[in-house]
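Numbering (this note's numbering), first residue to last: 12 to 529. Every residue gets a Cβ at the ideal spot worked out from N, C-alpha and C, and that includes glycine. Have a look at the structure below before the remarks.
Printed below as a string of structure tokens:
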């Protein structure tokens, strides 16, 4: 929310506003003292909660109301109006609530309400005696949080080989890499979160073997952990190109905080006269390119396809995103592949030589299925799960980049590599560990930032018949629909945050495919 003189904009809600200013299904943003407050009327009743999203500070008044929740326009968090709690991620922290009085035609906020967010459900008798979570990224962290929120009091053990986990991974290629965010900002949950919630955190530890019969997980140091239910949230790893190299030019990838630090260090060593070559015009590759340009480096992008992001977003958006990057000085080498790295350059298959201070490969990821494969779980380009996110083994669930699940809108198995989707899958998987029997029906969502342009995308379309563009890509004000068989599969927006939220609701309301046997 915009502020002037340190005070939020909008009416003083402690003084009150006319009831006519807030009709059914409407919101008003204002203030109580120096606190930004949002008042919404739903079902004839007025509610008041914090007006800025606890994720990145998005203005909730610019979002939409859906049922008894408000959805953030930036990254689609849904907050409950009655208690400020997070109905669904990516935000992890609740919002403050205020009491509201309505009399004599005026609506007035009269004071903060006591928090009721932690009123949990009662776990069923089938709740596991203990839970083990393998992987402490978005999915693993949200699963642990959800278990505690839902009232699970049993032991929770989390295992990860990354000593820096958990981190807010989207920032590793965006603000943090660009130098516009401090490292403290990328911590997803501080150490006290795990301590205060009585969660045992074993890091760095690598899961070595999963015994489905005895329900035991063995770590690489020989430790054996028994489980009643287990979540595989092992994520994915960057594909490493088998390029001949002399080893003089650093060849880097990006997945972890350590990876991002290494790229920052390479950029610092190279200085403003340095040259970075990015292999791959994927979302990660282009976000890395944008961040390095923000740092002042010369950046070249090499990719085999004729347009960046065409496979996901189509030719129109591909041409536009290329123009955006070129306007910021990025040099593309499309329809090209690297052949080798010499002492000071990338040599392309065409023979062209690109001098390089360092190289970043962003050519995609592979799901980390090794543990699941050794255990004998069903695989198909990921760990196969049913609509409840349970694997082929009872009491073993999977969520995040590693999980391949049935899309309720198409009936087809899909695996999406999106941060928000991983968190929402983990939320559902955790509830199902406690016997909820909840189908995973969330519409995938992701965002991708390129300088001052952001693409928001809801749905999932691996192929389409037509692409319908409403508005102007050049003016960064448009909605792009991906349609197959007369059915909208996905919607991308640029400069239309509310339209993205409305498209998400539209996709949620599509008739789902029939449920499969669980």
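- Reference residue 424, options 393, 449 and 235, closest by Cα: Counted from its first residue, the chain shown places residue 424 at position 413. Among 393, 449 and 235, the Cα nearest to that of residue 424 is on 393.
- Task: For residue 309, count neighbouring Cβ atoms within 10 angstroms of its own Cβ and tell me buried if that reaches 16, exposed if not.
- Result: Within the chain shown, residue 309 is the residue found at index 298, counting from 1. Answer is buried; the Cβ neighbour count reaches 16.
- Status (buried if at least 16 other CB within 10 Å, exposed otherwise) for residue 196: Residue mapping note: residue 196 aligns to position 185 of the chain shown, counting from 1. With fewer than 16 other Cβ atoms within 10 Å, it is exposed.
- Through-space distance from residue 120 to residue 26, alpha-carbon basis: For the purposes of this step, residue 26 is taken as the residue at position 15 of the chain shown. For the purposes of this step, residue 120 is taken as the residue at position 109 of the chain shown. Those two C-alpha atoms are separated by around 8 angstroms.
- Query: Does the stretch 220 to 230 come within contact of the stretch 381 to 390, defined as at least 3 CB pairs closer than 8 angstroms?
  - Reply: yes
- Message: I'd like to check one pair, residue 300 with residue 341: are the Cβ atoms closer than 7 angstroms?
- Response: For the purposes of this step, residue 341 is taken as residue 330 along the chain shown, with counting starting at 1. For the purposes of this step, residue 300 is taken as residue 289 along the chain shown, with counting starting at 1. Going by C-beta atoms, residue 341 is nearer than 7 angstroms to residue 300.
- Just list the beta strand (DSSP E) runs in the stretch 153 to 201, keeping only unbroken ones of 3 residues or longer that don't cross its boundaries, in chain order. 167 to 170
- Query: If we count the other Cβ atoms within 10 Å of its Cβ and call it buried at 16 or more, is residue 216 buried or exposed?
  - Reply: As a position in the chain shown, residue 216 is number 205, starting the count at 1. Classification for residue 216: buried.
- For residue 518 and residue 100, the rounded distance between their alpha carbons: In the chain shown, counting from the first residue as 1, residue 100 sits at position 89. In the chain shown, counting from the first residue as 1, residue 518 sits at position 507. One C-alpha to the other measures close to 18 angstroms.
- Item | Alpha-carbon spacing of residue 192 relative to residue 186, whole angstroms | The residue labelled residue 192 in the question sits at position 181 within the chain shown. The residue labelled residue 186 in the question sits at position 175 within the chain shown. When rounded, the distance between both Cα atoms is 5 angstroms.
- State the DSSP-derived secondary structure class of residue 339, mapped to helix, strand or coil. Looking up residue 339 in the chain shown gives position 328. It is coil, neither helix nor strand.
- Out of curiosity, what's the CA-to-CA distance linking residue 22 and residue 500? Position 11 of the chain shown, counting from 1, holds the residue named residue 22. Position 489 of the chain shown, counting from 1, holds the residue named residue 500. Roughly 41 angstroms separates the two Cα atoms.
- Indicate the three-state DSSP secondary structure (helix, strand or coil) for residue 305 in the structure shown. Stepping through the chain shown from its first residue, residue 305 is reached at position 294. Here residue 305 sits in helix by DSSP.
- Query: If you draw a straight line from the alpha carbon of residue 261 to that of residue 146, how long is it in whole angstroms?
  - Reply: Numbered from its first residue, the chain shown carries residue 261 at position 250. Numbered from its first residue, the chain shown carries residue 146 at position 135. Straight-line Cα distance between these residues: approximately 28 angstroms.
- Item | Continuous beta strand (DSSP E) assignments of at least 3 residues falling wholly in the stretch 89 to 148 | 89 to 91, 97 to 99, 108 to 114, 117 to 123 and 142 to 145
- Item | First and last residue of the uninterrupted alpha helix (DSSP H) at residue 430 | Numbered from 1 along the chain shown, position 419 holds the residue referred to as residue 430. From DSSP, the alpha helix (DSSP H) with residue 430 extends over 430 to 444.
- Message: Pop quiz: residue 303 and residue 287 are said to be a contact at Cβ under 8 angstroms. What is the actual Cβ separation, rounded to whole angstroms?
- Response: Reading the chain shown from its first residue, position 292 is the one you call residue 303. Reading the chain shown from its first residue, position 276 is the one you call residue 287. So it is a contact: roughly 5 angstroms between Cβ atoms.
- Just to confirm, are residue 440 and residue 395 a CB contact at a threshold of 7 angstroms? Locating residue 440 in the chain shown gives position 429, counting from the first residue. Locating residue 395 in the chain shown gives position 384, counting from the first residue. Going by C-beta atoms, residue 440 is not nearer than 7 angstroms to residue 395.
- Message: Counting C-beta neighbours from all protein chains within 10 Å, is the total for residue 34 16 or more, i.e. buried, or is it exposed?
- Response: To locate residue 34, count along the chain shown from 1; it is residue 23. Result: exposed.
- Message: Considering only DSSP beta bridges, list what residue 43 is partnered with.
- Response: In the chain shown, residue 43 corresponds to position 32, counting from 1. Residue 43 is bridged to 46.
- Do residue 404 and residue 388 come within 7 angstroms of each other at the CB atom, strictly closer than that value? For the purposes of this step, residue 388 is taken as residue 377 along the chain shown, with counting starting at 1. For the purposes of this step, residue 404 is taken as residue 393 along the chain shown, with counting starting at 1. Closer than 7 angstroms, so yes.
- Rounded to whole angstroms, how far is the Cβ of residue 240 from the Cβ of residue 406, which I believe are closer than 8 angstroms? The sequence position of residue 240 within the chain shown is 229, counting from 1. The sequence position of residue 406 within the chain shown is 395, counting from 1. Indeed, because the Cβ distance is near 5 angstroms, the residues count as touching under 8 angstroms.
- Message: Excluding the 5 residues flanking residue 457 on each side, which residues of the same chain have their C-beta closer than 6 angstroms to its C-beta?
- Response: Locating residue 457 in the chain shown gives position 446, where the first residue counts as 1. 429 and 468.
- Query: Whose CA, out of 62, 474, 70 and 496, lies closest to the CA of residue 326?
  - Reply: Residue 326 sits at position 315 when you count from the first residue of the chain shown. Selected option, being the one with the closest Cα: 474.
- If you follow the alpha helix (DSSP H) that residue 281 is part of, which residue opens it and which one closes it? On the chain shown, position 270 is the one that residue 281 refers to. From DSSP, the alpha helix (DSSP H) with residue 281 extends over 268 to 281.
- Query: Relative to the C-alpha of residue 93, which residue among 62, 80 and 87 is closest?
  - Reply: Numbered from 1 along the chain shown, position 82 holds the residue referred to as residue 93. Residue 80 is the option with its Cα nearest to residue 93.
- Message: Check whether the stretch 239 to 255 and the stretch 368 to 378 are in contact - that is, three or more C-beta pairs closer than 8 angstroms.
- Response: yes
- Item | Pairwise C-alpha distance: residue 65 and residue 14 | For the purposes of this step, residue 14 is identified with residue 3 of the chain shown, where counting begins at 1. For the purposes of this step, residue 65 is identified with residue 54 of the chain shown, where counting begins at 1. Note on residue 14: pLDDT 41, under 50, position unreliable in the model; no value is reported.
- Using the Cα positions of residue 202 and residue 75, report the straight-line distance between them to the nearest angstrom. Here residue 202 is taken as the residue at index 191 of the chain shown, counted from 1. Here residue 75 is taken as the residue at index 64 of the chain shown, counted from 1. Distance between the alpha carbons of residue 202 and residue 75: 34 angstroms.
- May I ask you to list the residues that DSSP assigns as paired with residue 503? Counted from its first residue, the chain shown places residue 503 at position 492. Its beta-bridge partners are 468 and 491.
- CA-CA distance, residue 343 and residue 481? For the purposes of this step, residue 343 is identified with residue 332 of the chain shown, where counting begins at 1. For the purposes of this step, residue 481 is identified with residue 470 of the chain shown, where counting begins at 1. Approximately 28 angstroms, taken between the alpha carbons.
- Query: Does the separation of the CB atoms of residue 84 and residue 492 fall below 7 angstroms?
  - Reply: The residue given as residue 84 occupies position 73 in the chain shown. The residue given as residue 492 occupies position 481 in the chain shown. No, the pair does not count as a contact, with Cβ atoms beyond the cut-off.
- Query: Which partner residues of residue 416 appear in the DSSP bridge assignment?
  - Reply: To locate residue 416, count along the chain shown from 1; it is residue 405. For residue 416, which the question treats as bridged, DSSP gives the partners 425.
- Task: Ignore the nearest five residues each way along the sequence and tell me which others in residue 173's own chain have a CB closer than 6 angstroms to its CB.
- Result: For the purposes of this step, residue 173 is taken as residue 162 along the chain shown, with counting starting at 1. Cβ within range, chain order: 267.
- State yes or no: is the C-beta of residue 189 within less than 7 angstroms of the C-beta of residue 305? Here residue 189 corresponds to residue number 178 of the chain shown, with the count starting at 1. Here residue 305 corresponds to residue number 294 of the chain shown, with the count starting at 1. Yes, the pair counts as a contact, with Cβ atoms nearer than the cut-off.
- Spatially closest choice to residue 167 from 112, 237, 116 and 198, by CA coordinates: Residue numbering aside, residue 167 sits at position 156 when the chain shown is read from its first letter. Of 112, 237, 116 and 198, the residue nearest in Cα terms is 237.
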